[in-house]
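See below for the structure under consideration.
Number of protein chains: 2
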Amino acid sequence: MYLRALTGLAEDGTTTCSSEELAASAGVNSAKLRKDLSYLGSYGTRGVGYDVEYLRYQIAREIGVTQDWPVVIVGIGNLGHALANYSGFRSRGFRVVALLDADPSRKDEKVAGLDVRSFDDLEAIVAEHDVSIGVIATPAVAAQDVADRMVATGITSILNFAPSVLSVPEGVGVRKVDLSIELQILAYHEQRKAVSPGSEDAS
Amino acid sequence: MYLRALTGLAEDGTTTCSSEELAASAGVNSAKLRKDLSYLGSYGTRGVGYDVEYLRYQIAREIGVTQDWPVVIVGIGNLGHALANYSGFRSRGFRVVALLDADPSRKDEKVAGLDVRSFDDLEAIVAEHDVSIGVIATPAVAAQDVADRMVATGITSILNFAPSVLSVPEGVGVRKVDLSIELQILAYHEQRKAVSPGSEDAS
DNA sequence: GGCGTTTTGTTCTCCCGTTCACAAACTCCT
DNA sequence: AGGAGTTTGTGAACGGGAGAACAAAACGCC
Numbered sequence: 028m029y030l031r032a033l034t035g036l037a038e039d040g041t042t043t044c045s046s047e048e049l050a051a052s053a054g055v056n057s058a059k060l061r062k063d064l065s066y067l068g069s070y071g072t073r074g075v076g077y078d079v080e081y082l083r084y085q086i087a088r089e090i091g092v093t094q095d096w097p098v099v100i101v102g103i104g105n106l107g108h109a110l111a112n113y114s115g116f117r118s119r120g121f122r123v124v125a126l127l128d129a130d131p132s133r134k135d136e137k138v139a140g141l142d143v144r145s146f147d148d149l150e151a152i153v154a155e156h157d158v159s160i161g162v163i164a165t166p167a168v169a170a171q172d173v174a175d176r177m178v179a180t181g182i183t184s185i186l187n188f189a190p191s192v193l194s195v196p197e198g199v200g201v202r203k204v205d206l207s208i209e210l211q212i213l214a215y216h217e218q219r220k221a222v223s224p225g226s227e228d229a230s
Numbered sequence: 028m029y030l031r032a033l034t035g036l037a038e039d040g041t042t043t044c045s046s047e048e049l050a051a052s053a054g055v056n057s058a059k060l061r062k063d064l065s066y067l068g069s070y071g072t073r074g075v076g077y078d079v080e081y082l083r084y085q086i087a088r089e090i091g092v093t094q095d096w097p098v099v100i101v102g103i104g105n106l107g108h109a110l111a112n113y114s115g116f117r118s119r120g121f122r123v124v125a126l127l128d129a130d131p132s133r134k135d136e137k138v139a140g141l142d143v144r145s146f147d148d149l150e151a152i153v154a155e156h157d158v159s160i161g162v163i164a165t166p167a168v169a170a171q172d173v174a175d176r177m178v179a180t181g182i183t184s185i186l187n188f189a190p191s192v193l194s195v196p197e198g199v200g201v202r203k204v205d206l207s208i209e210l211q212i213l214a215y216h217e218q219r220k221a222v223s224p225g226s227e228d229a230s
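Just so you know, the protein sequences line up as chains D and F, in that order. Just remember that our numbering sits 27 ahead of the position in the first sequence, which is counted from 1. Just remember that our numbering sits 27 ahead of the position in the second sequence, which is counted from 1.
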């Protein structure tokens, strides 16, 4: 998030910023920001602030977005389709190298300039492009099978959009994004606001 | 998540479950699950466990998914398109009542059985359907403007997919989903695994 | 009815992230 | 050169979530 805020500041022509400004851009407390940055090193100057470009590079280097990460997406339904076309991935160092779907009827489709290929091609694609990150955008019932297969081919990081809990071996990273859970959380607070107005919570 | 796990258990024909089983289904620790459920009340029976259907109803009632929530989606790009078609919303008590886009050239399109309408229709639609939840799927630069306009029309909960920090008045709930941040987090751990193997972290 | 077994509800403790507060360090102005 | 004003980096306090552990309660068996 800091990296993104810094990029925004750089585009506005800002060359230097204080922790207060950067924290406001990123939507966090300035003390937290300073402490977070202190884990990377002392890249600021007391009395002055941070050099936007310098700090931007240091964070980018630390989190590893200086290199290009090949990614495979499995499950080309509505969501997979959107992810394949999502320009934010490309611009942040991720390259979608293949789209896979178990449904053979989708094999003729071409999405975002890529052919939709059979899920059976996973091994070959991972080997060819040295893929370590996989995205699961399948229905919930298929997610665990896909994850198992991914792990078997050597993928060690999984981004799961399916609403199911994945079990993977130690050493494999999983992050889950659950779209309807997010809406449910909002609806919950909405309901509470309606029941007892005045005790709202900004989170 | 517990609600989803319970629904899964109910579909499998399970009528009763222990905190251990339910926790495994939801992917959490059983002590945490029991503590979470205790905030809602004492819906379990010691020595027996929880009645799946009864607990499912209690949670659903508490979080407010027993009612139907009308939702508007603004920004019908790839992501908005996918969200409009996403079946998970409908099945969890959310009804997409309108799709809005500022680009007039999209007005002819029909997505997921709904016409894409002008962003200017926001006020009328919110008033007509009593909408309190809005979804922002626009580019980052437009997100704040859309949020301001939403708040002005009376929307009090926003789900933001744009990679930007929204500032909203007190009392308005915002949740943010940032797809590329998730990938970046995975890539970061991936990079660390490559640098110092053996100190991997399961989170 | 009483005892052993099972499982919940809850307390206690630990740990980690967040925030406050302040010393150190740097700049600018006189 | 020196002091006033800023701003970073960090030690200390705070708060809250998560797990371990245990008492209370329900069931079943004898």
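C-beta: ideal position from N, C-alpha, C; glycine also. Only a predicted model underlies this, so the values are computations on that prediction, with no experimental measurement involved.
Am I right that Val153/D and Val99/D are in contact with their C-beta atoms under 8 Å? What's the rounded C-beta distance? 7 Å
Beta strand (DSSP E) runs contained entirely in the stretch 88 to 136 of chain D, provided each spans 3 or more residues:
96 to 101, 121 to 128
Checklist entry - Listing by chain order, which chain D residues have their CB less than 7 Å from the CB of Thr183/F? => result Glu217, Lys220
Could you check whether Arg31/D and Pro190/F sit closer than 8 Å to each other, using their CB atoms as the reference points?
yes
(message) Would you call the stretch 77 to 86 of chain F in contact with the stretch 42 to 56 of chain F, where contact means no fewer than 3 C-beta pairs closer than 8 Å?
(response) yes
Q) Is it right to say Tyr29/F is buried, meaning 16 or more other beta carbons lie within 10 angstroms of its own, or is it exposed? A) buried
Look up Asp142/F in the DSSP assignment and say whether it is helix, strand or coil. strand
- Message: Taking DSSP's pairing of strands, which residues face Asp78/D in a bridge?
- Response: Thr43/D
Ser230/F, buried or exposed, once every other Cβ within 10 Å from all chains shown has been counted against 16: Note on Ser230/F: pLDDT 42, under 50, position unreliable in the model; the coordinate value appears next. Result: exposed.
*Unbroken beta strand (DSSP E) runs of length 3 or more, entirely within the stretch 187 to 214 of chain D: which are they?*
200 to 203
Supposed contact pair Val204/F and Phe188/F - C-beta distance, whole angstroms, cut 8 Å | 5 Å
- [ ] Go ahead and pull the three-state DSSP assignment for Gly161/F.
- [x] strand
message = Would Pro97/D pass as an interface residue toward chain F - the criterion being a Cβ-Cβ separation below 8 Å?
response = no
Q. What are the residues that DSSP puts in a beta bridge with Ser184/D?
A. Ile160/D, Gly200/D
Return the residues of the stretch 107 to 134 of chain F that lie within a Cβ-Cβ distance of less than 9 Å from chain D, sorted by chain order. Gly107, His108, Ala109, Leu110, Ala111, Asn112, Tyr113, Ser114, Gly115, Phe116, Ser118, Arg119, Gly120, Phe121
Let's test the definition: count the other Cβ atoms within 10 Å of the Cβ of Lys137/F and tell me whether it reaches 16, buried, or not, exposed.
exposed
In chain order, what residues of the same chain have a beta carbon less than 6 Å from the beta carbon of Ala167/D, not counting five sequence neighbours either side? Ala189, Pro190, Ser191
Review point. At a cut-off of 7 Å, is Ala109/D close to the ligand FMN when judged by its beta-carbon and the heavy atoms of the ligand?
Key: As far as ligands go, the structure on display features none, and thus does not contain the ligand FMN.
- Query: By Cβ distance below 7 Å, which residues in the same chain neighbour Ala151/F in space, the five residues on each side in sequence not counted?
  - Reply: none
- Roughly how many whole angstroms lie between the Cα atoms of Asp148/D and Arg176/D? 11 Å
- prompt: What is the DSSP secondary structure of Gly71/F, counted as helix, strand or coil?
  reply: strand
Helix, strand or coil: how does DSSP classify Gly54/F here?
coil
Which residues in the same chain have their Cβ closer than 8 Å to the Cβ of Asn112/D, if we skip the five residues on either side of it in sequence? Val138, Ala139
- Task: Can you say whether Arg122/F is buried or exposed, counting buried as having 16 or more other CB atoms within 10 angstroms of its CB?
- Result: exposed
Problem - DSSP three-state assignment for Tyr5/F, whether helix, strand or coil - result: A question about residue 5/F goes unanswered here, because the residues of chain F that appear run from 28 up to 230.
Requested in this report: Report the rounded CA-to-CA distance for Ala50/D versus Gln211/D, giving the unit in angstroms.
Outcome: 29 Å
Gln218/F: buried (16+ other C-beta within 10 angstroms of its C-beta) or exposed?
buried
*asked:* For Ser159/F and Ser114/D, what's the separation of their Cα atoms in angstroms?
replied: 29 Å
Exercise for review: Could you run through the stretch 83 to 96 of chain D and flag, in chain order, every residue whose CB is less than 9 Å away from some CB of chain F?
Suggested key: Glu89, Ile90, Gly91, Val92, Gln94, Trp96
message = For Glu209/D, would you say it is in contact with chain F, using Cβ-to-Cβ distances shorter than 8 Å as the test?
response = yes
According to DSSP, is Met28/F helix, strand or coil?
coil
Hey, would you say Val162/D sits closer than 8 Å to Gly120/D, going by beta carbons?
no
*Does the beta carbon of Asn105/D come closer than 8 Å to any beta carbon on chain F?*
yes
Alpha carbon to alpha carbon, how far is Leu186/D from Gly200/F?
26 Å
Could you run through the stretch 150 to 164 of chain F and flag, in chain order, every residue whose CB is less than 7 Å away from some CB of chain D?
Ser159, Ile160
Gly102/F classed as buried or exposed, judged by whether at least 16 other C-beta atoms fall within 10 angstroms | buried
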